[in-house]
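Numbering (the working numbering), first residue to last: 34 to 180.
Virtual Cβ for every residue (Gly too), placed ideally from N, Cα, C.
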């Protein structure tokens, strides 16, 4: 269990969205603070610049947990983490609970995006609204807001 914010992160992809893009989701295990970035593909080469942006804003974690999907077990991704001194940890295949923080975030995220689509609202705007609400509402586990 992390002792402070931004030590252990969970990451996963949501999508594809109807327009063919994906969302890179990164969640801080300690505070449950989410960061979501829009990406055109799930390739490591697409993900790494987004992680650079996230780390430049929030700092480097000690550990980043993910599933065993192709972008996460690629040599490019592993070399990237190694160069930054970040230890990768992988969930057991076919057991999403191993990356539970990211998986739990996907459910309300998906519901918000589907609602926006049904109502004809711009999904990017709904993503921003959802992120704000998630970050400012008390989390059920911690009892405090992630932000």
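Cα-Cα separation between residue i and residue j, rounded to whole angstroms
{"i": "residue 66", "j": "residue 156", "result": "20 Å"}
{"i": "residue 52", "j": "residue 170", "result": "29 Å"}
{"i": "residue 55", "j": "residue 36", "result": "31 Å"}
{"i": "residue 15", "j": "residue 86", "result": "With the chain covering only 34 through 180, there is no way to say anything about residue 15."}
{"i": "residue 125", "j": "residue 153", "result": "38 Å"}
{"i": "residue 84", "j": "residue 150", "result": "27 Å"}
{"i": "residue 143", "j": "residue 159", "result": "11 Å"}
{"i": "residue 103", "j": "residue 69", "result": "19 Å"}
{"i": "residue 109", "j": "residue 164", "result": "29 Å"}
{"i": "residue 161", "j": "residue 98", "result": "24 Å"}
Burial state of residue i (16 or more Cβ within 10 Å)
{"i": "residue 177", "result": "exposed"}
{"i": "residue 134", "result": "buried"}
{"i": "residue 132", "result": "buried"}
{"i": "residue 117", "result": "exposed"}
{"i": "residue 89", "result": "exposed"}
Limits of the unbroken alpha helix (DSSP H) element including residue i
{"i": "residue 91", "result": "77 to 91"}
{"i": "residue 141", "result": "133 to 152"}
{"i": "residue 112", "result": "108 to 117"}
{"i": "residue 165", "result": "156 to 169"}
Among the options, nearest to residue i - alpha-carbon criterion
{"i": "residue 74", "options": "88, 105, 68", "result": "105"}
{"i": "residue 120", "options": "96, 50, 160, 135", "result": "96"}
{"i": "residue 42", "options": "109, 142, 64", "result": "64"}
{"i": "residue 115", "options": "158, 94, 45, 100", "result": "94"}
{"i": "residue 122", "options": "101, 140, 166", "result": "101"}
Contacting residues, own chain, Cβ-Cβ under 8 Å from residue i (five flanking each side not counted)
{"i": "residue 174", "result": "65"}
Beta-carbon proximity list for residue i, same chain, < 6 Å, skipping 5 on both sides
{"i": "residue 60", "result": "43, 67, 134, 135, 138"}
{"i": "residue 146", "result": "156"}
Where the beta strand (DSSP E) containing residue i begins and where it ends
{"i": "residue 42", "result": "41 to 47"}
{"i": "residue 67", "result": "67 to 72"}
Close beta carbons around residue i, own chain, < 7 Å, minus the five adjacent residues each side
{"i": "residue 79", "result": "72, 73"}
{"i": "residue 76", "result": "104"}
{"i": "residue 113", "result": "81"}
{"i": "residue 39", "result": "61, 91, 92, 94"}
CB contact check: residue i to chain D, cutoff 8 Å
{"i": "residue 148", "result": "Given the protein chain composition of this structure (a single chain), no chain D is represented."}
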